[in-house]
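Engineer: Reading the sequence shown from the start, the letters are residues 1 to 469 in the UniProt record's numbering.
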Amino acid sequence: MSTSTDHGRPDPEATTLALTRDGRPVSDRGGTVCVIGAGASGLTAIKNLKEHGFGVDCYERETGVGGAWNWRHDRSPVYASTHLISSRPFTQFPDFPMPDDWPDYPHHSQLLAYFERYADHFDLRAHIWFGTEVVRVEPVEGDRWDVTTRSTGGYGPERTSRYAAVVVANGHNWSPKLPRYEGLEQFRGEVVHASSYKDPAQLRGKRVLVVGAGNTGCDIAVEGAQQASRCWHSTRRGYWYAPKYVLGRPADQVNDALLALRVPRRVRQWLYHWTLRLTVGDLTRFGLPAPDHRVYETHPIANSQLVYYVGHGQITPVPDVARFHPHAVELTDGRQIDPELVVFATGYLPRFEFLDPKVLGDDAGTGRPTLWLNAFAPGHPTLAVAGLVQPDSGVFTLSHWQSVLFARLLQLRLTRPDRAAAFAATVTGKAGERYSGPVKESTRHWFEVAHADYLRAVQRALHDLEASR
Numbered sequence: 001m002s003t004s005t006d007h008g009r010p011d012p013e014a015t016t017l018a019l020t021r022d023g024r025p026v027s028d029r030g031g032t033v034c035v036i037g038a039g040a041s042g043l044t045a046i047k048n049l050k051e052h053g054f055g056v057d058c059y060e061r062e063t064g065v066g067g068a069w070n071w072r073h074d075r076s077p078v079y080a081s082t083h084l085i086s087s088r089p090f091t092q093f094p095d096f097p098m099p100d101d102w103p104d105y106p107h108h109s110q111l112l113a114y115f116e117r118y119a120d121h122f123d124l125r126a127h128i129w130f131g132t133e134v135v136r137v138e139p140v141e142g143d144r145w146d147v148t149t150r151s152t153g154g155y156g157p158e159r160t161s162r163y164a165a166v167v168v169a170n171g172h173n174w175s176p177k178l179p180r181y182e183g184l185e186q187f188r189g190e191v192v193h194a195s196s197y198k199d200p201a202q203l204r205g206k207r208v209l210v211v212g213a214g215n216t217g218c219d220i221a222v223e224g225a226q227q228a229s230r231c232w233h234s235t236r237r238g239y240w241y242a243p244k245y246v247l248g249r250p251a252d253q254v255n256d257a258l259l260a261l262r263v264p265r266r267v268r269q270w271l272y273h274w275t276l277r278l279t280v281g282d283l284t285r286f287g288l289p290a291p292d293h294r295v296y297e298t299h300p301i302a303n304s305q306l307v308y309y310v311g312h313g314q315i316t317p318v319p320d321v322a323r324f325h326p327h328a329v330e331l332t333d334g335r336q337i338d339p340e341l342v343v344f345a346t347g348y349l350p351r352f353e354f355l356d357p358k359v360l361g362d363d364a365g366t367g368r369p370t371l372w373l374n375a376f377a378p379g380h381p382t383l384a385v386a387g388l389v390q391p392d393s394g395v396f397t398l399s400h401w402q403s404v405l406f407a408r409l410l411q412l413r414l415t416r417p418d419r420a421a422a423f424a425a426t427v428t429g430k431a432g433e434r435y436s437g438p439v440k441e442s443t444r445h446w447f448e449v450a451h452a453d454y455l456r457a458v459q460r461a462l463h464d465l466e467a468s469r
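What follows is the structure, given as structure tokens:
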């Protein structure tokens, strides 16, 4: 049994010592579960594992909770104006609602306050080792895991602890995806990735080119329209730019009402097209390219201001970049522009640097895991990845139910190991299942899920578990 320090947090130094495969000492944490990361997904994993009777040690490389939503963190992609793009009811944890007087789309500072209150309400901080990064996670005999940690930044000695299970919740929006262009190294202007963008003052008075049409790229282009002397917005293809409000309600709430009525996808696509024709109109007349796909086939772009500023001439839509010159950027249509600052809003790639990629089914080393429910790795029934989804709603509800399912899977291993083994065997056959309709093939859509379909799949899995008890 694990022991605890006076403040209630487990003390790995007070546990039984074992040895790793290569002879290093390891503190055996018995039935304790390790959670990596104290962002939204990590916090709900701690909370739900606790409620199901498990001891939990969480390692967080930063000095506070909140993960990507804590703008103080080095890896946070949050910038000053960041707000939710999913509305409050579809973002909050199901057992911890956001205040009723908050706006439909809360600011990032409100989200951080929400996570801090969540951590305090459920007494989660006692389980978190702040300023501690995970160096290695290695499977050992008996479906257990050796987790090696050290102080963030590489200071101090490494320490290895053995856990009954591991939840990986290190986030997937922190490792920039940087494009390659001919001549980029010779370009004399300033080049940054959106991960380094924090404040519109960075754009003030400059000629700015924003590359990328995701939600972040659209936000930065809008701020460029307000602050820059000239703003170009480069996109590879046409997109559907959805307003944040439809019929006086947040757009995701209207869409969810259609999902609740089980309206077929093709009908919802027709309704979406019809709504956009009425509210946004034909964007090709502004110089934006026509979309080469139907709605719901790319991640939704929720921005009510981009079209406004394009229509006012304060954002100039341009095609993809062909190549860079020392003092100019050449576009695929042959035009050349002369930005002083280029912002690559080109997204992020998932990174699990502490894990062998093959553990998550990434045999080719591409960074794309092959998981069941985007969470469970075949052959490793005591490992889960939380929050590795890109839904058409908020992520937090999905992370909550992922961790509930994992906690009940771990319980079943204790009470009915034969049933747990049979259930785990089904993971191999289901790994890689999609929980959305057809989407464009790109790294941006690797983890795309339709939240209603995904939650139904989790509900079925929970029902199957209950039947196995």
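For every residue, glycine included, the Cβ atom is placed at its ideal position computed from N, Cα and C. Just so we're clear, the structure is a prediction, and the values are computed from it rather than from any experiment.
#1: Report all residues from its chain with a CB closer than 7 Å to the CB of V427; omit the five preceding and five following residues, and keep chain order.
#2: Go ahead and pull the three-state DSSP assignment for L261.
#3: Once you ignore the five residues that flank A119 on each side, which residues in its own chain have a CB closer than 7 Å to its CB?
#4: Where does the unbroken alpha helix (DSSP H) through G132 begin, and where does it stop?
#5: List the whole-angstrom C-beta distance separating R61 from T132, where the pair is believed to meet the contact cut-off of C-beta under 8 Å.
#6: Counting beta carbon pairs with one atom in the segment 340–347 and one in the segment 211–223, are three or more of them shorter than 8 Å?
#7: Excluding sequence positions up to five away, which residues of its chain have a Cβ less than 6 Å from the Cβ of L360?
#8: What is the rounded straight-line gap between the Cα of G67 and the Cα of P250?
#9: Find out if the Cβ-Cβ distance for the pair A384, F406 is shorter than 9 Å.
#10: Is the Cβ-Cβ distance between V33 and A165 less than 9 Å?
#11: Compute the distance between the beta-carbons of L288 and G217, then report whether it is under 9 Å.
#12: For S195, does the three-state DSSP call read helix, strand or coil?
#13: How many Å lie between D453 and H172 at the Cα?
#14: Looking at C-beta atoms only, is the number of pairs between the segment 291–310 and the segment 233–247 that lie closer than 8 Å three or more?
#15: Between D146 and G55, what straight-line distance do the alpha-carbon atoms span, to the nearest angstrom?
#16: Is A45 helix, strand or coil by DSSP?
#17: Taking G224 and L203 to be in contact with their CB atoms under 8 Å, please state how far apart those CB atoms are, rounded to whole angstroms.
#18: Below 9 Å between beta carbons: does that hold for H299 and E441?
#19: Rounded to the nearest angstrom, what separates S41 and F396 at their Cα positions?
#20: Among the residues of its own chain, which have a CB less than 6 Å from the CB of H83, if the five just before and after it don't count?
#21: For R230, write down the residues that DSSP places opposite it in a beta bridge.
#22: Is the beta carbon of Y163 less than 9 Å from the beta carbon of D57?
#23: Do L341 and S234 have their C-beta atoms within less than 9 Å of each other?
#24: Q402: buried (16+ other C-beta within 10 angstroms of its C-beta) or exposed?
#25: Is the Cβ-Cβ distance between A322 and P381 less than 9 Å?
#26: With burial defined as no fewer than 16 other Cβ atoms inside 10 Å of the residue's Cβ, what is the status of D362: buried or exposed?
#27: How many Å lie between D143 and Q336 at the Cα?
#28: Does R180 come out as helix, strand or coil in the three-state DSSP assignment?
#29: Which runs of the beta strand (DSSP E) fall wholly inside the segment 243–320 and span at least 3 residues, in chain order?
#30: Could you have a look at D28 and say whether DSSP puts it in helix, strand or coil?
#31: Can you tell me where the beta strand (DSSP E) with S161 in it begins and where it stops?
#32: Is the segment 183–200 in contact with the segment 278–287, if contact means three or more CB pairs nearer than 8 Å?
#33: In whole angstroms, what separates the C-alpha of K50 from that of T366?
#34: Is the separation between the beta-carbon of N170 and that of I36 shorter than 9 Å?
#35: Return helix, strand or coil for E60, following the three-state DSSP convention.
#36: In angstroms with no decimal places, state the Cα-to-Cα distance between L232 and P417.
Structural biologist: Taking the coordinates as given:
#1: One-based indexing of the sequence shown puts residue 427 at position 427. Answer for V427: W372, F376 and P378, listed in chain order.
#2: Here residue 261 is taken as the residue at index 261 of the sequence shown, counted from 1. Here L261 sits in coil by DSSP.
#3: Sequence index remark: in the sequence shown, residue 119 carries index 119 (1-based). Contacts found: L43, V65 and R125.
#4: Within the sequence shown, residue 132 is the residue found at index 132, counting from 1. Sequence inspection shows Thr at residue 132; the Gly mentioned does not correspond to that position. Where T132 is concerned, there is no enclosing alpha helix (DSSP H), although the beta strand (DSSP E) it sits in stretches over T132 to V140.
#5: The residue you call residue 61 lines up with position 61 of the sequence shown. The residue you call residue 132 lines up with position 132 of the sequence shown. R61 to T132, Cβ: 7 Å. Contact.
#6: yes
#7: Start at 1 with the first residue of the sequence shown, and residue 360 comes out as number 360. Result list for L360: P369 and A377, in chain order.
#8: As a position in the sequence shown, residue 67 is number 67, starting the count at 1. As a position in the sequence shown, residue 250 is number 250, starting the count at 1. Their Cα atoms are separated by approximately 26 Å.
#9: Taking the sequence shown and counting its residues from 1, one reaches residue 384 at position 384. Taking the sequence shown and counting its residues from 1, one reaches residue 406 at position 406. Yes, these two residues count as a Cβ contact at 9 Å.
#10: Here residue 33 is taken as the residue at index 33 of the sequence shown, counted from 1. Here residue 165 is taken as the residue at index 165 of the sequence shown, counted from 1. Going by C-beta atoms, V33 is nearer than 9 Å to A165.
#11: In the sequence shown, the residue the question calls residue 288 occupies position 288. In the sequence shown, the residue the question calls residue 217 occupies position 217. Taking 9 Å as the Cβ cut-off, L288 and G217 do not qualify as a contacting pair.
#12: Here residue 195 corresponds to residue number 195 of the sequence shown, with the count starting at 1. When secondary structure is reduced to three states using DSSP, S195 falls in the helix class.
#13: For the purposes of this step, residue 453 is taken as residue 453 along the sequence shown, with counting starting at 1. For the purposes of this step, residue 172 is taken as residue 172 along the sequence shown, with counting starting at 1. D453 and H172: Cα-Cα distance of roughly 22 Å.
#14: yes
#15: For the purposes of this step, residue 146 is identified with residue 146 of the sequence shown, where counting begins at 1. For the purposes of this step, residue 55 is identified with residue 55 of the sequence shown, where counting begins at 1. When rounded, the distance between both Cα atoms is 16 Å.
#16: Position 45 of the sequence shown holds residue 45. A45: helix per DSSP, three-state reduction.
#17: As a working note, residue 224 is residue 224 in the sequence shown. As a working note, residue 203 is residue 203 in the sequence shown. Right, the Cβ-Cβ distance comes to about 5 Å (below 8 Å), so this counts as a contact.
#18: Looking up residue 299 in the sequence shown gives position 299. Looking up residue 441 in the sequence shown gives position 441. In this structure, E441 does not lie closer than 9 Å to H299 by Cβ.
#19: Along the sequence shown, one-based indexing puts residue 41 at 41. Along the sequence shown, one-based indexing puts residue 396 at 396. In a straight line, the C-alpha of S41 is about 7 Å away from that of F396.
#20: Taking the sequence shown and counting its residues from 1, the one referred to as residue 83 is at position 83. So the list reads Y105 and H107, once near-sequence residues are dropped.
#21: Locating residue 230 in the sequence shown gives position 230, counting from the first residue. Paired residues: R207.
#22: For this step, residue 163 is matched to residue 163 along the sequence shown. For this step, residue 57 is matched to residue 57 along the sequence shown. In contact: Y163 and D57 (Cβ atoms closer than 9 Å).
#23: For the purposes of this step, residue 341 is identified with residue 341 of the sequence shown, where counting begins at 1. For the purposes of this step, residue 234 is identified with residue 234 of the sequence shown, where counting begins at 1. Not in contact: L341 and S234 (Cβ atoms no closer than 9 Å).
#24: Taking the sequence shown and counting its residues from 1, one reaches residue 402 at position 402. Its Cβ being crowded by 16 or more others within 10 Å, Q402 is buried.
#25: Within the sequence shown, numbered from 1, the residue matching residue 322 stands at position 322. Within the sequence shown, numbered from 1, the residue matching residue 381 stands at position 381. No.
#26: Here residue 362 refers to the residue found at position 362 of the sequence shown. Buried, by the Cβ-count rule.
#27: On the sequence shown, position 143 is the one that residue 143 refers to. On the sequence shown, position 336 is the one that residue 336 refers to. If you take the alpha carbons of D143 and Q336, they lie about 58 Å apart.
#28: Here the question's residue 180 lines up with position 180 in the sequence shown. Looking at R180 - three-state DSSP - the assignment turns out to be coil, as it is neither helix nor strand.
#29: 316–318
#30: Residue mapping note: residue 28 aligns to position 28 of the sequence shown, counting from 1. Reduced to three states, the DSSP call for D28 is strand.
#31: As a position in the sequence shown, residue 161 is number 161, starting the count at 1. The continuous beta strand (DSSP E) containing S161 extends over residues R159 to Y163.
#32: no
#33: Position 50 of the sequence shown, counting from 1, holds the residue named residue 50. Position 366 of the sequence shown, counting from 1, holds the residue named residue 366. Their Cα atoms are separated by approximately 34 Å.
#34: As a first step, residue 170 is located in the sequence shown; it is residue number 170 there, counting from the start. As a first step, residue 36 is located in the sequence shown; it is residue number 36 there, counting from the start. Yes, the Cβ-Cβ distance between N170 and I36 is below 9 Å.
#35: Position 60 of the sequence shown holds residue 60. Reduced to three states, the DSSP call for E60 is strand.
#36: Walking along the sequence shown from the start, residue 232 turns up at place 232. Walking along the sequence shown from the start, residue 417 turns up at place 417. Sequence check: residue 232 is Trp here, not Leu. Those two C-alpha atoms are separated by around 59 Å.
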